[in-house]
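One structure below.
There are 2 protein chains.
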Amino acid sequence: MKEIQEARIKRYFIDACKEIIRGEGVNSVSVRTIAERAGYSFATLYNYFKDIKELFIICVDEFLLESEEFIISRNIKSTGKQAILDKSIAFTMFFLQYPSIFKLVFTEDIRELRSQTTFKDKLDGIFSNLLSSDWNELVIENKKIKEELIKNTIYSSLLLYLNRFSPKEYKTFIDSITQQIKYILSFDDI
Amino acid sequence: MKEIQEARIKRYFIDACKEIIRGEGVNSVSVRTIAERAGYSFATLYNYFKDIKELFIICVDEFLLESEEFIISRNIKSTGKQAILDKSIAFTMFFLQYPSIFKLVFTEDIRELRSQTTFKDKLDGIFSNLLSSDWNELVIENKKIKEELIKNTIYSSLLLYLNRFSPKEYKTFIDSITQQIKYILSFDDI
DNA sequence: TTACAAAAATTAACAACGTTAATAATATTA
DNA sequence: TAATATTATTAACGTTGTTAATTTTTGTAA
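Protein chains in written order, with this note's numbering: chain A, 48 to 237; chain B, 48 to 237.
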């Protein structure tokens with residue numbers, strides 16, 4: 048009973064934080080803005096979270112889950128290589144929609160080593176879940192390293208596009224990712 | 048004469064900033080710590096830079112040049128594919144040596160669109176300069192997209208390793224990059 | 001219901017941040 | 001030497017994350 052109430056209040060803070068990031072952006076997020084939206088004083092946050100980074104880590108986890116749900120909700124009908132490409136682009140789109148989510152998830156300084164160690168596992172899990180059936184359809188080699196190359200292409204392209212404004216044009220950005228993924232998938236064709 | 052003196056004082060601030068980033072790390076950098084090391088009051092910085100981001104952008108540019116010099120200084124003797132691999136690893140090593148430099152160059156929030164637009168051009172220029180002769184030795188196709196894949200592999204791997212502590216082991220990290228670059232270079236072999 | 005103890009939430013306060021305005025110190029020129 | 005322009009400094013503001021002290025609320029026993 049005590050735990051339920053505590054979880055409920057934690058939820059208010061988590062949702063407030065996520066809302067601000069989605070709306071005003073990660074630069075508008077602060078202990079005070081979060082608490083205000085949650086309906087509490089800023090100091091109350093510290094009764095439920097060790098510090099603001101602990102809250103951020105929870106948001107990172109939930110945003111990652113949302114990215115997976117986002118791709119599933121797109122109901123992609125294609126199969127094989129085309130499905131891998133489509134889902135990769137969908138994943139990219141999720142972060143394009145909310146650049147601040149990318150910033151929080153990938154670049155924000157949240158060094159909570161306990162949770163951090165599994166970050167990449169979670170990321171890998173998303174791709175693994177989404178793409179495993181598509182990979183199985185294909186008769187190609189080195190699927191694992193191909194998936195790694197695709198992921199790195201996406202992360203790096205998002206980093207440069209959202210953080211360093213390169214390329215300037217959206218179309219150039221998408222075309223570049225598409226071309227690279229297609230190229231990766233074209234290797235070792237049997 | 049006026050310009051020389053002004054450039055000289057700007058240099059004090061730039062060098063102070065770079066020193067702190069190399070030494071104590073980017074988290075220790077502030078208007079006050081920079082000015083203190085430069086031998087001036089914190090407000091003096093604003094007589095020479097619009098804001099701290101303008102100073103950061105200059106440091107980003109200089110660190111990028113340093114990364115190129117670092118690779119050249121390694122005096123890599125290999126040729127062809129091996130040279131491309133060796134230089135790629137050397138580039139990675141530069142940022143491993145100073146994680147804060149990676150943070151500043153790739154993830155820090157320095158939205159000065161004027162200068163930002165050419166950031167990727169500078170990055171591309173480094174690789175282009177260093178690798179062009181090595182590429183010329185090779186009789187393979189799609190050199191441009193291969194170089195892009197290699198760069199994205201490096202940036203993304205550094206991002207996850209330095210920012211999200213994945214993988215945990217240094218050796219795993221280097222092996223993964225090496226394997227991916229070798230794989231990219233193995234395509235289209237003639 | 002009343003009195004007390006435990007829990008939760010709030011206000012006050014601190015040090016550090018980037019930045020600007022007002023002031024002091026220094027150079028330059030007449 | 002006196003007046004002016006330039007450069008540097010201190011004071012101050014609003015914001016940040018965080019902690020301590022304090023108030024408010026909740027739960028329990030008489």
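Even for Gly, the Cβ is constructed at its ideal location relative to N, Cα and C.
Measure from the alpha carbon of L151(A) to the alpha carbon of each residue in F96(A), A85(A), E116(A) and F110(A), then state which is nearest.
Sequence index remark: in the first sequence, residue 151(A) carries index 104 (1-based). Here the closest residue by C-alpha is F110(A).
N94(A) touches chain B at which residues, Cβ-Cβ below 8 Å?
By 1-based counting over the first sequence, the position of residue 94(A) is 47. Under the 8 Å cutoff, chain B gives no residues; its nearest Cβ is about 27 Å from N94(A).
As an exercise, report each continuous alpha helix (DSSP H) stretch of at least 4 residues that is fully enclosed by the segment 89 to 156 of chain A, in chain order.
Along the segment 89 to 156 of chain A, the alpha helix (DSSP H) occurs as fully enclosed runs of 4 or more residues at 92 to 95, 99 to 120, 127 to 144 and 146 to 149, listed in sequence order.
Could you check if A54(A) is buried or exposed, using at least 16 other CB atoms within 10 Å of its CB as the buried criterion?
In the first sequence, counting from the first residue as 1, residue 54(A) sits at position 7. Label assigned to A54(A): exposed.
For the segment 118 to 131 of chain A and the segment 72 to 87 of chain A, state whether three or more C-beta atom pairs, one from each stretch, are separated by less than 8 Å.
no
Excluding sequence positions up to five away, which residues of its chain have a Cβ less than 7 Å from the Cβ of K198(B)?
As a first step, residue 198(B) is located in the second sequence; it is residue number 151 there, counting from the start. Cβ within range, chain order: F174.
Could you please tell me which residues of the segment 203 to 215 of chain B, in chain order, have their CB closer than 8 Å to any CB of chain A?
S203, S204, L206, L207, N210, R211, F212, S213, P214 and K215
Rounded to a whole number of angstroms, what is the C-alpha to C-alpha distance between E188(B) and Q226(A)?
Residue mapping note: residue 188(B) aligns to position 141 of the second sequence, counting from 1. Residue mapping note: residue 226(A) aligns to position 179 of the first sequence, counting from 1. Cα to Cα, the separation comes out at about 15 Å.
From K97(A) to G70(B), what does the alpha carbon distance come to, in whole angstroms?
Looking up residue 97(A) in the first sequence gives position 50. Looking up residue 70(B) in the second sequence gives position 23. Whole-angstrom Cα-Cα distance: 29 Å.
DSSP state of I187(B), grouped into three classes?
If you number the second sequence from 1, residue 187(B) lands on position 140. Residue state, collapsed to three classes: coil.
With respect to the alpha helix (DSSP H) encompassing F60(A), which residues constitute its N-terminal and C-terminal limits?
Residue 60(A) sits at position 13 when you count from the first residue of the first sequence. Counting along the chain, F60(A) sits inside the alpha helix (DSSP H) bounded by residues K49 to G70.
Select from the segment 182 to 203 of chain B all residues with a C-beta closer than 9 Å to any C-beta belonging to chain A, and list them in chain order.
N189, I192, K193, E195, L196, K198, N199, T200, I201, Y202 and S203
Please classify K134(A): is it buried, with 16 or more other beta-carbons within 10 angstroms of its beta-carbon, or exposed?
Working through the first sequence from its first residue, we reach residue 134(A) at position 87. Buried, since its Cβ has 16 or more Cβ neighbours within 10 Å.
What residues from chain A crowd round Q227(B), counting only those whose CB sits closer than 9 Å?
Here residue 227(B) corresponds to residue number 180 of the second sequence, with the count starting at 1. Those within 9 Å of Q227(B) in chain A are I192, E195, L196 and N199.
Which bits of chain B does Y87(A) rub up against, with CB to CB less than 7 Å?
Translated into the one-based positions of the first sequence, residue 87(A) becomes position 40. Result: empty, since nearest Cβ-Cβ is about 28 Å, beyond 7 Å.
With DSSP as the reference, label D168(A) as helix, strand or coil.
The residue you call residue 168(A) lines up with position 121 of the first sequence. Helix.
Can you confirm whether the segment 57 to 66 of chain B touches the segment 86 to 97 of chain B when touching is taken to mean that 3 or more C-beta pairs between the two stretches lie within less than 8 Å?
yes
From I157(A) to V107(A), what does the alpha carbon distance come to, in whole angstroms?
Residue 157(A) sits at position 110 when you count from the first residue of the first sequence. Residue 107(A) sits at position 60 when you count from the first residue of the first sequence. Cα to Cα, the separation comes out at about 10 Å.
Report back the beta-carbon spacing between L178(A) and E194(A) to the nearest angstrom; my notes put them in contact at under 8 Å.
In the first sequence, the residue the question calls residue 178(A) occupies position 131. In the first sequence, the residue the question calls residue 194(A) occupies position 147. Contact flag correct, Cβ pair sits at about 7 Å.
Does Q76(B) come out as helix, strand or coil in the three-state DSSP assignment?
The residue labelled residue 76(B) in the question sits at position 29 within the second sequence. The sequence given here has Val at residue 76(B), not Gln. Residue state, collapsed to three classes: coil.
Quick one: residues in its chain with C-beta nearer than 7 Å to the C-beta of E184(B), no 5 flanking neighbours on either side, listed in chain order?
As a first step, residue 184(B) is located in the second sequence; it is residue number 137 there, counting from the start. Same-chain partners within the cutoff: T126 and G127.
Cβ closer than 9 Å: which chain A residues qualify as neighbours of Y217(B)?
In the second sequence, counting from the first residue as 1, residue 217(B) sits at position 170. Within chain A, no residue comes near Y217(B); the closest Cβ sits about 15 Å away, beyond 9 Å.
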